[in-house]
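Student: First the structure, which I've put down as structure tokens, then a few questions once you've had a look.
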Amino acid sequence: MRINGYAPIRDYAVIGDGRTTALVARDGAIDWLCLPDADSPPVFDRILDSDEGGAFQLQPVDEFETERRYREGSNVLETVFRTAAGSVRVTDAMTCADRTVSSPMRQVVRLVEGLSGRVQMRWTIAPRFDFGRQRVRIDDRGGHIVVQAGRNALALGAWGAGDPAASPDGISGEFLAEHGHHGGLSLASAHGEPLVFAGFDHAREALDRTDRFWREWSARAEYDGPWREAVVRSALVLKLLVYSPSGAIVAAPTTSLPERIGGERNWDYRFTWLRDASWTLDALLRLGYDEEAKAFFWWLMHATRLTQPELHVLYRIDGGVQRREREIDGAPGYRSSAPVRVGNGAASQVQLDLYGSVLDGIARYADEVGRIDGDTGKELAKVADYVAKIWREPDCGIWEIRSEPAHYTQSKAMCWLALHQASHLAEQGVLPDHRETWDRAAEEAKRFYDEHGWDEELGSYVRAPNLRELDASLLTLSLLDCMDPRSERMVRTIDAVRRHLAEGPFVYRYRGGDGLPQGEGAFLACSFWLAAALARAGRGAEAVELMEQLLAAGNDVGLYSEEIDPGTGEFLGNFPQGLTHLALVNAAVAITEADE
Amino acid sequence: MILWGSLAGGVVGTIVLTSTLRLSQELGLTRMDLPLLLGTMFSEDRRRANVIGYAVHFVNGLLFSLAYAGIFEAVGRGGWDVGLILGAAHALFAGGALVTVLLPAIHPRMGTPWTDAEETPLLEAPGFLLHNYGRSTAVVTLVMHLAYGAIVGAFAAGF
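Residue numbers (the numbering used here), protein chains in the order written: chain E, 1 to 596; chain S, 597 to 755.
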């Protein structure tokens with residue numbers, strides 16, 4: 001049920017083609033779609049502006065209930081609408097192109113099938129380019145309706161879906177779907193090139209071919225534990241977040257879905273965070289997706305080429321350094337959660353933990369996929385030298401705190417990890433041998449967080465020497481082997497995190513200040529980290545119980561956002577969130593391995 | 597004279613162009629690595645790709661100097677000034693059609709705006725005027741090719 005025109009975040013499913021994604025609500029509306037790429041301005045943005053935002057609605061005219069699912073092992077979505085007069089199935093996908101001229105550059109296909117009775121259906125397409133800042137022209141060109149805005153153009157195909165009626169505000173139509181009816185709509189797009197008008201048969205074939213590709217791809221997932229369905233769904237989500245032309249992975253395909261309803265914690269996640277490198281490479285390799293891991297590694301080394309040895313927090317998916325953060329004037333934001341931001345100010349922060357993530361990810365890649373060439377080895381050695389020089393500096397930490405930088409315990413531990421993994425790679429001859437420098441710095445970093453990052457009274461590692469409070473990111477010390485997962489300190493930290501930060505199965509990041517008004521949901525990735533940390537500590541039964549609770553918290557099609565309100569189960573933050581799905585995969589694997 | 601002068605200029609110009617590009621990479625002006633881009637057409641191994649890429653790039657430099665020689669013959673003279681004009685046109689061609697459109701179309705390991713979930717390329721496409729490889733890449737490309745053109749032109753004219 002929509003609130004002031006906004007569907008709950010939990011109500012969305014995602015479809016995509018490896019370049020961009022669309023969010024489809026349970027009521028059949030596509031409320032978010034950026035074209036041509038995931039980080040391009042949106043064409044449909046009703047998720048951020050229920051009054052003026054663009055959308056592609058397709059639903060029964062009469063009152064209805066819905067039931068939906070992804071086709072097994074696929075990113076093709078099926079929604080069944082049931083009304084008093086009958087039922088209709090809508091199948092949604094963004095299709096992968098074949099290599100012929102009849103394939104549009106991007107294409108959303110929505111097939112309609114009458115299952116029973118007679119259902120009057122209505123559809124409306126209201127495109128709004130770049131938050132309404134581009135003038136839109138809609139023309140009827142003798143049977144083809146074309147939408148133009150700057151370099152972007154859309155072509156509508158409608159078959160057995162009524163006569164399209166074009167107006168300055170959009171295009172709409174109505175039709176009767178009886179039992180056995182087959183029809184459909186296609187929205188093809190072009191960006192700075194001629195449009196392709198796809199036919200009905202082509203649209204159906206493209207959807208079938210895309211479905212086959214997803215099934216074959218997901219069948220390759222090498223996980224045979226008890227949670228295969230959830231793991232495969234997460235893998236499929238992660239594959240949707242991969243920007244195929246470069247191999248980069250966006251953190252989430254949306255911007256400014258709020259961490260607190262009505263709040264200002266609204267960020268643009270359509271970038272690649274280097275912090276996620278370790279989790280990403282680990283998850284891809286563990287699931288057997290070596291090609292995707294290799295593409296991501298190549299992107300990583302190429303994207304960071306201009307800034308090495310310093311690494312930026314995040315990069316654009318085309319490998320560039322991201323543009324400045326700005327606010328969209330006049331956009332009300334999801335349920336009045338303003339501002340709507342484009343770009344991300346965290347890009348200019350110093351965050352030391354990402355060096356640990358990058359070097360750890362590369363070490364895992366080198367161990368499992370293959371060798372790293374000499375030039376890349378030299379570049380990585382310079383990065384490790386840089387870490388040995390700067391690990392003593394304060395930083396903004398894993399949570400990108402916008403208040404004063406501090407000496408975050410987790411950041412120091414991750415610096416240790418960076419130096420430790422650099423030594424490991426040098427030992428194998430992958431990196432030039434600077435082990436003396438790296439080992440000395442690693443030893444000092446470890447001594448620092450062991451002496452200053454531990455609080456005996458709390459019985460836990462703490463956020464920072466001057467911030468004696470819990471922080472769920474400290475669970476990563478176990479997951480990334482910065483600490484022995486079964487050591488007394490690690491076990492006590494796990495218990496302290498549960499005591500102080502958990503509400504039911506859900507774990508908050510921290511309770512202290514961060515320079516922004518208080519109040520956000522529990523962080524789902526931290527919740528999965530806790531399950532993995534419990535498993536690694538040898539507490540398998542607790543880990544399994546927690547994992548089951550967390551899996552029950554996903555939405556009806558197995559997707560997760562960044563955060564959740566533990567009281568209501570409402571999803572918060574950008575959606576679907578790559579880090580949450582990475583944490584799910586890694587937790588499932590960790591628990592299954594611990595069980596074995 | 598023009599032919600042999602252009603070829604000699606092609607050797608020197610290619611060395612200067614390649615060195616300028618490498619220097620620009622080290623100075624953090626661009627992520628473009630032409631030898632790597634060319635070499636990865638033949639090998640996924642970066643070290644081998646680099647070696648092959650340098651060889652291909654060198655041969656390309658000589659072939660382009662032959663094309664320059666043909667134009668010098670057609671207009672009746674060489675000279676650094678004519679070479680400069682050809683260098684500018686060469687930069688436009690390289691940064692526009694050659695690397696932006698043709699290379700991604702034939703490169704087996706490079707993504708294009710059309711690459712979708714079914715493929716996992718290893719190299720990102722350069723983008724319009726090579727902007728994906730850093731904002732200064734277009735300027736670096738122009739300067740490199742102006743230098744190349746001026747050198748080939750000067751050699752063709754016998755200084």
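The C-beta atom is built at its ideal place from N, Cα and C for all residues, glycine as well.
Just to make sure I have the definition right: I need the residues of chain S whose C-beta is within less than 7 Å of the C-beta of E/L306. Which are they?
Tutor: Those within 7 Å of E/L306 in chain S are G624, R627, G730.
Student: From the beta carbon of E/C96, is the nearest beta carbon of chain S less than 7 Å away?
Tutor: Yes - at least one Cβ of chain S is within 7 Å of the one on E/C96.
Student: Kindly indicate if chain S contains any beta-carbon less than 7 Å away from that of E/A600.
Tutor: This structure does not reach residue 600 of chain E, given that chain E is present from 1 up to 596, and the question cannot be answered.
Student: Would you report the Cα separation of E/V358 and E/L470, rounded to the nearest angstrom?
Tutor: Computed Cα separation, rounded: 25 Å.
Student: Taking 7 Å as the threshold (beta carbon to beta carbon), is S/E720 in contact with chain E?
Tutor: Yes - at least one Cβ of chain E is within 7 Å of the one on S/E720.
Student: Using a cut-off of 7 Å between C-beta atoms, extract the partners of E/R19 located in chain S.
Tutor: The contacting residues are D712.
Student: Determine, using beta-carbon pairs with one atom in the segment 597-616 of chain S and one in the segment 643-660 of chain S, whether at least three such pairs fall under 8 Å.
Tutor: Because the criterion of three Cβ pairs below 8 Å is met, the segment 597-616 of chain S and the segment 643-660 of chain S touch.
Student: When Cβ atoms are compared, which residues of the segment 364-383 of chain E fall closer than 9 Å to chain S?
Tutor: So the close ones are R371, I372, D373, G374, D375, T376.
Student: Taking all protein chains shown into account, decide if E/M1 is buried (16 or more other Cβ within 10 angstroms of its Cβ) or exposed.
Tutor: Its Cβ having fewer than 16 others within 10 Å, E/M1 is exposed.
Student: Would you call S/L698 buried or exposed, if buried means 16 or more other Cβ atoms sit within 10 Å of its Cβ?
Tutor: With fewer than 16 other Cβ atoms within 10 Å, it is exposed.
Student: Would S/M628 pass as a contact of S/Y744 if the rule is Cβ separation under 7 Å?
Tutor: It is not a contact, given that the beta carbons lie outside the stated cut-off.
Student: Whole angstroms is fine: what's the gap from E/P332's alpha carbon to E/F44's?
Tutor: If I take the Cα positions, the gap works out to 15 Å.
Student: Looking at the structure shown, is E/G173 part of a helix, part of a strand, or coil, going by DSSP?
Tutor: Of the three classes helix, strand and coil, the one that applies to E/G173 here is strand, per DSSP.
Student: What does E/E291 reach in chain S if we use C-beta pairs closer than 7 Å?
Tutor: The contacting residues are T716.
Student: With a floor of 4 residues, list each alpha helix (DSSP H) that falls wholly inside the segment 158-211 of chain E, ordered by position along the chain.
Tutor: You should have found no qualifying run.
Student: Report yes if the CB atom of E/G160 is closer than 7 Å to the CB atom of E/G183, and no otherwise.
Tutor: Cβ atoms of E/G160 and E/G183: closer than 7 Å.
Student: Does any CB atom of chain E fall closer than 7 Å to the CB of S/R643?
Tutor: Judged by the 7 Å Cβ criterion, S/R643 is in contact with chain E.
Student: What are the complete alpha helix (DSSP H) segments, minimum 4 residues, inside the segment 615-654 of chain S?
Tutor: Counting whole runs of 4 or more residues, the segment 615-654 of chain S contains the alpha helix (DSSP H) stretches 630-635.
Student: Less than 8 Å between C-beta atoms, sequence neighbours within five positions excluded: which residues of the same chain meet that for E/G5?
Tutor: The residues are R46, S50, D51.
Student: Could you give the DSSP three-state label for E/V88: helix, strand or coil?
Tutor: Three-state DSSP puts E/V88 in a strand.
Student: Between E/G361 and E/S278, is the Cβ-Cβ spacing less than 7 Å?
Tutor: In contact: E/G361 and E/S278 (Cβ atoms closer than 7 Å).
Student: Any beta carbon of chain S sitting closer than 7 Å to that of E/G319?
Tutor: Yes, contact with chain S.
Student: Helix, strand or coil, according to DSSP, for E/A153 in the structure here?
Tutor: Strand at E/A153.
Student: Closer than 9 Å by beta-carbon distance: list the chain E residues that pair up with S/G707, in chain order.
Tutor: Chain E residues near S/G707: Y243, S244, P245, S246, G247, A295.
Student: Please go through the same chain and pick out, in chain order, the residues whose beta-carbon is closer than 6 Å to the beta-carbon of E/F81, but skip the five residues on each side of it.
Tutor: So the list reads P60, F64, T66, V88, once near-sequence residues are dropped.
Student: From this set, S/M597, S/L688, S/T733, which residue's C-alpha is nearest S/L662's C-alpha?
Tutor: Looking at the Cα atoms, S/M597 is the closest of the given residues.
Student: So, at 6 Å on beta carbons, what are the nonlocal neighbours of E/R26 in its own chain, with the 5 sequence-adjacent residues on each side left out?
Tutor: These residues qualify, in order along the chain: D11, T66.
Student: Is there a Cβ of chain S sitting closer than 7 Å to that of E/F213, yes or no?
Tutor: Yes, its Cβ sits closer than 7 Å to a Cβ of chain S.
Student: Here's the rule I'm using: 16 or more other beta-carbon atoms within 10 Å means buried, otherwise exposed. How should E/R228 be labelled?
Tutor: With fewer than 16 other Cβ atoms within 10 Å, it is exposed.
Student: Using the C-alpha atoms, what's the distance from E/C482 back to S/L625?
Tutor: Each residue's Cα considered, the two are about 36 Å apart.
Student: Are the C-beta atoms of E/W298 and some chain S residue less than 7 Å apart?
Tutor: E/W298 counts as touching chain S.
Student: Any idea what DSSP makes of S/W600, helix, strand or coil?
Tutor: Correct three-state label for S/W600: helix.
Student: Report the residues of the segment 206-240 of chain E with a CB closer than 7 Å to any CB of chain S, ordered along the chain.
Tutor: Listed by position, the residues of the segment 206-240 of chain E near chain S (Cβ gap below 7 Å) are F213, K239.
Student: Please classify E/H312: does DSSP put it in a helix, a strand, or coil?
Tutor: If DSSP states are grouped into helix, strand and coil, E/H312 belongs with coil.
Student: Taking the CB atoms as reference points, tell me whether S/Y664 and S/S615 lie closer together than 7 Å.
Tutor: Going by C-beta atoms, S/Y664 is not nearer than 7 Å to S/S615.
Student: Taking Cβ-Cβ distances below 9 Å as the criterion, which residues of the segment 29-57 of chain E are in contact with chain S?
Tutor: Cβ contacts with chain S come from P36, D37.
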